[in-house]
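Heads up, the thing below is written out as C-alpha cells.
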Amino acid sequence: MILAIFLLIFIVLALSLLISFIFYVLEPSVTQKSNISGNLLVQLNEASNFYTEQKRKMPVSAKKAFVLKQNKKEIYNQAIDFNGQYTCAMVKSIYFTDPAYNLVCIGLGDCARVCEQKAIVIKEHTAIVSQICCGCGKCTLVCPQKIIKMIPSKVTDLSAVIKPESEVAKVIDLNQIDKNVEWKPKKYFKLWAYCYKIYKIVKNNF
55 MILAIFLLIF
65 IVLALSLLIS
75 FIFYVLEPSV
85 TQKSNISGNL
95 LVQLNEASNF
105 YTEQKRKMPV
115 SAKKAFVLKQ
125 NKKEIYNQAI
135 DFNGQYTCAM
145 VKSIYFTDPA
155 YNLVCIGLGD
165 CARVCEQKAI
175 VIKEHTAIVS
185 QICCGCGKCT
195 LVCPQKIIKM
205 IPSKVTDLSA
215 VIKPESEVAK
225 VIDLNQIDKN
235 VEWKPKKYFK
245 LWAYCYKIYK
255 IVKNNF
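Numbering of the sequence shown is given in the numbering used here, commencing with residue 55 and proceeding in unit increments.
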C-alpha cells in the first residue's frame with residue numbers, strides 16, 4: 055500500500071516536471087527559433103527586393119564599354135599588381151607620360167573599382183569588359199589612358215564605329231623600347247602611396 059502511494063506520487067511529480075519543461079522551456083525555445091527564422095526570411099526578402107530595385111535603377115543605355123586594342127606590356131608586367139595600393143592615375147602621372155604608351159592598359163583596375171555592375175575584370179594586367187556592362191560610362195571617366203570607349207551595344211563590327219588604328223593612336227612595339235627602364239615603386243610611389251592612404255581613410259570616415 056505504501057509502495058503504491060510512493061509510486062503514485064513519483065508519477066505525479068514526473069508528469070508535473072514534464073509539463074513544466076514543455077510549457078516553460080521547450081515551447082519558448084521553439085517559438086524563439088521560429089521568430090528568428092521568420093525574421094531571417096523577412097530580411098532575406100528585403101535584401102532581395104532591395105537588390106532587385108537597385109538593378110532596376112541602374113541606368114539603361116544603348117551603349118557598352120569597349121577597351122581599345124593594345125600592344126603588349128612586357129616592360130612592366132613583372133612589377134605591377136592589381137592590388138589597390140596604386141592606381142592607374144598615379145602610374146600614368148609618373149611613368150606613362152611617353153606617347154608610346156597611348157594604347158597601354160595600366161591594369162590597376164581604376165575602371166573595375168567604379169563599375170557597379172562588376173562588369174570589368176583585370177586579366178594579365180588588362181581590363182576586360184564582360185557582357186553584363188550596362189553602359190553607364192563611369193569607366194571611361196576614370197581611365198587616365200582614355201582607351202575605354204562607349205560603342206553601340208548591338209554593334210558586332212567594331213571597324214564601323216572605331217576609327218582606324220592610325221587615327222586613334224599609334225601602336226608602338228614595346229619590344230623596341232629601352233629594356234633598361236627599371237620600375238622602382240619605392241622610389242616613385244612612397245609619397246603617392248602615403249597620400250593615397252590618407253585619402254582612403256578620410257573618404258571612408260566621411
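Positions of the beta carbon are idealized from the N, C-alpha and C atoms, including for glycine. As the structure is a computational prediction, the values presented were derived from the model and not from experiment.
**Item:** Contacting residues, own chain, Cβ-Cβ under 6 Å from valine 168 (five flanking each side not counted)
**Value:** Within the same chain, valine 168 has close Cβ partners Lys192, Val196.
**Cβ-based neighbour list, isoleucine 186, same chain, cut-off 6 Å, excluding 5 preceding and 5 following** = Excluding positions up to five away in sequence, the list reads Gln171, Ala173.
**Same chain, Cβ closer than 6 Å to threonine 141, five either side skipped, listed in chain order** = Hits under 6 Å: Leu162, Asp164.
**Message:** Within a Cβ cutoff of 8 Å, which residues of the same chain sit near leucine 69, ignoring the five residues on either side of it in sequence?
**Reply:** Answer for leucine 69: no residue qualifies.
**Asked** Can you tell me the Cα-Cα spacing of isoleucine 63 and leucine 71, whole angstroms?
**Response** About 12 Å.
**Item:** Span separating the alpha-carbon of lysine 208 from that of serine 184
**Value:** The alpha-carbon atoms of lysine 208 and serine 184 are separated by roughly 14 Å.
**Request:** Consult DSSP for alanine 116 and reduce its assignment to one of helix, strand or coil.
**Result:** It is coil, neither helix nor strand.
**Asked** By how many angstroms is the C-alpha of histidine 179 removed from the C-alpha of glycine 189?
**Response** So the alpha carbons of these two residues sit roughly 22 Å apart.
**Request:** Kindly indicate which three-state DSSP category alanine 166 falls into: helix, strand or coil?
**Result:** Helix at alanine 166.
**Asked** What do you reckon, are the CB atoms on proline 275 and alanine 143 nearer than 8 Å?
**Response** Examination of residue 275 is not possible in this model, given that the chain is present from 55 through 260 alone.
**Item:** Boundaries (first-last residue) of the beta strand (DSSP E) holding threonine 194
**Value:** Note, threonine 194: premise wrong, no beta strand (DSSP E); alpha helix (DSSP H) at 192–196.
**Asked** Is valine 158 helix, strand or coil by DSSP?
**Response** Valine 158 falls in the coil class under three-state DSSP.
**Reduced DSSP category for isoleucine 186 - H, G, I as helix; E, B as strand; rest coil** = The answer is coil: DSSP assigns isoleucine 186 none of H, G, I, E or B.
**Request:** Answer with buried or exposed for isoleucine 65, where buried requires no fewer than 16 other C-beta atoms within 10 angstroms of its C-beta.
**Result:** With fewer than 16 neighbouring CB atoms inside 10 Å of its own CB, isoleucine 65 falls in the exposed class.
**Item:** Pairwise C-alpha distance: valine 121 and lysine 203
**Value:** Cα-Cα distance, rounded: 6 Å.
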